[in-house]
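Chemist: Please read through the structure below; I'll follow up with questions.
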Amino acid sequence: MAGYERLSAEWPGDIEPFPELDDPNLIAREINMWFTPYIFYERKSRGKYMELWTSCCGRHEGIELPPRTITPDLSALADARHNYKIHCPYCGREVLVKCLGRSGSRRTLTEYHPVVILREQDGDLFARAYWVVKNYEDADALHAPPLFNLVGAYHFTAWDARYYAHFYHYDKYGYVELSGEYDPKHEKIKEPFTSGGMYGYTQYEPYAVIGMEELDKSRFKYCEYTGFGYRQMDNWGGEQVEIHSGLMKYLALCSIYPQQVEMLIKTGWPTIVSDMLYYRKKNAAVFDWESEVGGAAAFGLTKPEYRAVINSGRRSMEVIAEYKRLKKAGLCRDINAVIDMDRMYTGLADVRRACTALNVKLEKLHSYIQKQGKQLTLRPFVNPPSRALEWTLDYWNMAVQLGWDMTDSAVLFPKDIKAKHDTAAEELTAKRRQEEDAAEAKKRALAEERLSRWRKKYNIEQDGYFIRIAESAKEIVHEGAVLKHCVAGYAQRHMDGQCTILFLRRSEAPEDSLYTIEMRGDELWQIHGYANEHVGGKSLPAPRNTMAWLLDPWLEWIQRGSPRSKDGKPKLKMKKEKTA
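Residue numbers (my numbering): 37 to 616.
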């Protein structure tokens, strides 16, 4: 049990004094209910006596068999066997019966639960975080209360939050202090319980909280945690327990920004708070956390603008952020136009970028798409202005690519957006086809120029054999199919000039594939024949050896710059006799 301490143990000296707990034993009994309840037994005196240990209510005693006073619970206990489920005769809870002679290693029964205990003092909140454990390996632990391992402690007050944990040395508690501005990117106050992690991220365990009512006694009674907190119910030991995922970080945020958090939760902006806590985003483009006043001013809006956002029922951070950007650029003065755009189009940032690029006021765009929408007849459930906006943004993008004069209002806002959109699409398709044809023609010209250079550099014919470059990708694919090797995968690389594929064949059979060569510059990279010289489970002679009489002079000739006579014949330095 080393390393664990009872709840009533002496407080660590390297942590500031915390308020005393009213009744540690009561807390231990409450937490004990969250562990799987057991009755351990051992029969003695040839079955005439049963010694019992109850983990649910902490009893250790013996009973004679059969019991002198027969009750249903005692009768069930007397007849119980290993792994039976019965009701405890002392507290009435459903328990799992374990025979000490058959339970094997009781280490597998060890159970942990993360628990935070809250206490208020002078308006401040103090939190103790414990891994609480029940371990049944020792006989004395069979009916003992749970043991408490302190893993962290917190002190929350006005404009300050302090977190104690094992930061510096396993046996000592260090602390970090958060005061003044809350910096989410360099988070100081963390949740207390970890259980490993994935992909470099720490995994934090949710925990039960004892003393949630202490919030209402403290300066944090208006922190609105009940309207925000991430809570869920879990089954611990047959009991339904409310567990929390971010209370410590939430209280730290409330320590620094109490009014801001209260205002955001009450007015329906919990996402701004959760972004700060869980995603380390301040949403500075939307909300000023340092603002000493709340409401519209904290959002950088006038009261009518803020009221328009609230009355829209959307509480959209994107509306506020994009409106402020457009307003700063002088492209919008009516937030209602942005709100309406947000209703009809998911990419509000795309609208802002398009208006900025073409210096178009959003109100003018909004008026235009409303008029265009009235001219459209669409199938049911399709919003005409929304479709008109999609076409307009798409049309503007195509018109810019086509080089049209977007300073001309008739071009910028055509009378019939659908017809103009379709015209632009056709012209852009034709333009791209022309560009692709030109690019392909240029590519073919470059390929032909490269092939011409390669013919002069590599092509030879000597003593009944010739070596020539592959003239097309189709030839290379055919070569691979005939010789049963993988040269087809090199076809495009050859045509792009990344490598050079050549064919070595007999002069008397120029169309019959024999060997395939890959060159990289002046270096012979590989040469292979049928099935890479592996036929019927046997390895054939390597062509690099059998054709060395031709390949060696050829490579030497290439390294000399591929000299040719006036009639174009290669000046090879051939050996007098073939070696194969």
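We treat Cβ as the ideally placed atom computed from N, Cα and C, and that holds for glycine.
As the structure is a computational prediction, the values presented were derived from the model and not from experiment.
DSSP three-state label for His149, please.
Modeler: Reading the sequence shown from its first residue, position 113 is the one you call residue 149. Note: His149 maps to strand in three-state DSSP.
Chemist: Within the continuous alpha helix (DSSP H) that includes Lys80, where are the two ends?
Modeler: Looking up residue 80 in the sequence shown gives position 44. Premise fails: Lys80 lies in the beta strand (DSSP E), Tyr74 to Lys80, not in any alpha helix (DSSP H).
Chemist: Thr570 bridges to which residues according to DSSP?
Modeler: Translated into the one-based positions of the sequence shown, residue 570 becomes position 534. With the sequence shown as reference, residue 570 is identified as His, and Thr is not the correct amino acid for it. Ser575.
Chemist: Measure the Cβ-Cβ separation of Leu154 and Val169 and say whether it is below 8 Å.
Modeler: Numbered from 1 along the sequence shown, position 118 holds the residue referred to as residue 154. Numbered from 1 along the sequence shown, position 133 holds the residue referred to as residue 169. No, Cβ-Cβ distance for Leu154 and Val169 is not below 8 Å.
Chemist: How about Leu101 and Ala116: are their beta carbons less than 8 Å apart?
Modeler: Taking the first residue of the sequence shown as position 1, residue 101 is located at position 65. Taking the first residue of the sequence shown as position 1, residue 116 is located at position 80. Their beta carbons are not under 8 Å apart, which means Leu101 does not touch Ala116 by this criterion.
Chemist: Ends of the alpha helix (DSSP H) at Ile553?
Modeler: On the sequence shown, position 517 is the one that residue 553 refers to. From DSSP, Ile553 is part of no alpha helix (DSSP H) but of the beta strand (DSSP E) over Tyr551 to Arg556.
Chemist: If you pair each beta-carbon of the segment 522–539 with each one of the segment 497–512, do three or more pairs fall below 8 Å?
Modeler: Segments in contact, yes.
Chemist: Verify whether the separation of the beta carbon atoms of Ala460 and Ala424 is less than 8 Å.
Modeler: Your numbering for residue 460 matches position 424 in the sequence shown. Your numbering for residue 424 matches position 388 in the sequence shown. Contact flag unset, no.
Chemist: Assign Met583 to one of two classes, buried (16 or more other C-beta atoms within 10 Å of its C-beta) or exposed (fewer than that).
Modeler: Taking the first residue of the sequence shown as position 1, residue 583 is located at position 547. Under this definition Met583 is a buried residue.
Chemist: Rounded to a whole number of angstroms, what is the C-alpha to C-alpha distance between Tyr85 and Asn119?
Modeler: In the sequence shown, the residue the question calls residue 85 occupies position 49. In the sequence shown, the residue the question calls residue 119 occupies position 83. Approximately 19 Å between the Cα atoms of the pair.
Chemist: According to the neighbour-count rule (16 or more other Cβ atoms, all chains shown, within 10 Å of its Cβ), is Trp561 buried or exposed?
Modeler: If you number the sequence shown from 1, residue 561 lands on position 525. So Trp561 counts as exposed.
Chemist: Please determine, among Lys607, Glu223 and Trp195, the residue with the shortest C-alpha to C-alpha distance to Tyr314.
Modeler: Against the sequence shown, residue 314 aligns to sequence position 278. The shortest Cα separation from Tyr314 among Lys607, Glu223 and Trp195 belongs to Glu223.
Chemist: Three Cβ pairs or more, each shorter than 8 Å: is that satisfied between the segment 469–477 and the segment 508–522?
Modeler: Flag = no, the segment 469–477 and the segment 508–522 do not touch.
Chemist: Are at least three pairs of beta-carbons, each pair with one atom in the segment 247–262 and one in the segment 351–369, less than 8 Å apart?
Modeler: Judged by Cβ distances under 8 Å, the segment 247–262 makes no contact with the segment 351–369, as fewer than three pairs qualify.
Chemist: In whole angstroms, give me the CA-to-CA distance for Ser403 and Asn347.
Modeler: Stepping through the sequence shown from its first residue, residue 403 is reached at position 367. Stepping through the sequence shown from its first residue, residue 347 is reached at position 311. For Ser403 and Asn347, the distance between alpha carbons rounds to 21 Å.
Chemist: Specify whether the segment 194–214 and the segment 302–316 touch according to this definition: at least 3 beta carbon pairs, one from each stretch, less than 8 Å apart.
Modeler: Verdict: no, contact absent.
Chemist: Note the first and the last residue of the continuous beta strand (DSSP E) segment covering Lys134.
Modeler: Position 98 of the sequence shown, counted from the start, is the residue given in the question as residue 134. Glu130 to Cys135 is the extent of the beta strand (DSSP E) around Lys134.
Chemist: Leaving out five residues on either side along the sequence, give the residues of the same chain with a beta carbon under 8 Å from the beta carbon of Leu88.
Modeler: Reading the sequence shown from its first residue, position 52 is the one you call residue 88. The residues are Ile75, Phe76, Tyr77, Arg95, His96, Glu97, Gly98, Ile99 and Leu113.
Chemist: Out of Lys410, Trp70, Asp270 and Ala64, state which residue places its alpha-carbon closest to the alpha-carbon of Glu130.
Modeler: Taking the first residue of the sequence shown as position 1, residue 130 is located at position 94. Of the candidates Lys410, Trp70, Asp270 and Ala64, the one whose C-alpha sits nearest the C-alpha of Glu130 is Trp70.
Chemist: Considering just the uninterrupted stretch of the beta strand (DSSP E) at Met377, what are its terminal residues?
Modeler: Here residue 377 refers to the residue found at position 341 of the sequence shown. Premise fails: Met377 lies in the alpha helix (DSSP H), Ile371 to Met380, not in any beta strand (DSSP E).
Chemist: For the segment 388–408 and the segment 369–377, state whether three or more C-beta atom pairs, one from each stretch, are separated by less than 8 Å.
Modeler: Judged by Cβ distances under 8 Å, the segment 388–408 makes contact with the segment 369–377, as three or more pairs qualify.
Chemist: Is Pro606 helix, strand or coil when you go by DSSP?
Modeler: By one-based count along the sequence shown, residue 606 stands at place 570. It is a strand residue.
Chemist: Drop a sphere of 10 angstroms on the beta-carbon of Glu544, count the other beta-carbons inside from all chains shown, and report buried for 16 or more, exposed for fewer.
Modeler: Walking along the sequence shown from the start, residue 544 turns up at place 508. Exposed: under 16 other Cβ atoms inside 10 Å.
Chemist: For Asp158, name the three-state secondary structure that DSSP assigns.
Modeler: As a working mapping, residue 158 is identified with position 122 in the sequence shown. It is coil, neither helix nor strand.
Chemist: Is DSSP giving Thr144 helix, strand or coil here?
Modeler: Taking the first residue of the sequence shown as 1, we reach residue 144 at position 108. Correct three-state label for Thr144: helix.
Chemist: Note down the Cα distance separating Ala8 from Cys290, rounded to an integer number of angstroms.
Modeler: With the chain covering only 37 through 616, there is no way to say anything about residue 8.
Chemist: Which residue from Leu362, Val523 and Pro421 puts its Cα closest to that of Ala393?
Modeler: Stepping through the sequence shown from its first residue, residue 393 is reached at position 357. With distances taken between Cα atoms, Ala393 lies closest to Leu362.
Chemist: Our contact map puts Arg580 next to Ile563 with C-beta atoms below 8 Å; I'd like the distance itself, whole angstroms only.
Modeler: The count along the sequence shown starts at 1 and reaches residue 580 at position 544. The count along the sequence shown starts at 1 and reaches residue 563 at position 527. Yes, they are in contact, since the Cβ atoms of Arg580 and Ile563 sit about 5 Å apart, within 8 Å.
Chemist: For Glu121, does the three-state DSSP call read helix, strand or coil?
Modeler: Your numbering for residue 121 matches position 85 in the sequence shown. It should be noted that the sequence gives Lys, not Glu, for residue 121. In the structure shown, Lys121 sits in a strand (DSSP, three-state: E or B).
Chemist: From the DSSP output, in three-state form, read off Gly263 for me.
Modeler: Start at 1 with the first residue of the sequence shown, and residue 263 comes out as number 227. Helix, per DSSP.
Chemist: CB-CB under 6 Å to Gln276, same chain, minus the five flanking residues each way: which ones, in chain order?
Modeler: Looking up residue 276 in the sequence shown gives position 240. Cβ neighbours of Gln276 beyond the five flanking positions: Met269.
Chemist: Using 8 Å for Cβ pairs, my map puts Ile225 next to Ala288. What's the rounded Cβ distance?
Modeler: The residue you call residue 225 lines up with position 189 of the sequence shown. The residue you call residue 288 lines up with position 252 of the sequence shown. Correct: roughly 4 Å between the Cβ atoms.
Chemist: May I have the straight-line CA-CA distance separating Gly137 from Arg79, to the nearest angstrom?
Modeler: Sequence index remark: in the sequence shown, residue 137 carries index 101 (1-based). Sequence index remark: in the sequence shown, residue 79 carries index 43 (1-based). Distance between the alpha carbons of Gly137 and Arg79: 9 Å.
Chemist: Based on Cα-Cα distance, which residue from Glu592, Leu161, Tyr172 and Val152 lies nearest to Thr144?
Modeler: Translated into the one-based positions of the sequence shown, residue 144 becomes position 108. Residue Tyr172 is the option with its Cα nearest to Thr144.
Chemist: Considering Cα atoms alone, identify which of Arg65, Arg82, Glu156 and Arg600 is closest to Ser254.
Modeler: Taking the first residue of the sequence shown as 1, we reach residue 254 at position 218. It is Glu156.
Chemist: Which residue's Cα is closest to the Cα of Val187: Ala175, Leu178 and Phe229?
Modeler: One-based indexing of the sequence shown puts residue 187 at position 151. If we check each option's Cα against that of Val187, Phe229 comes out closest.
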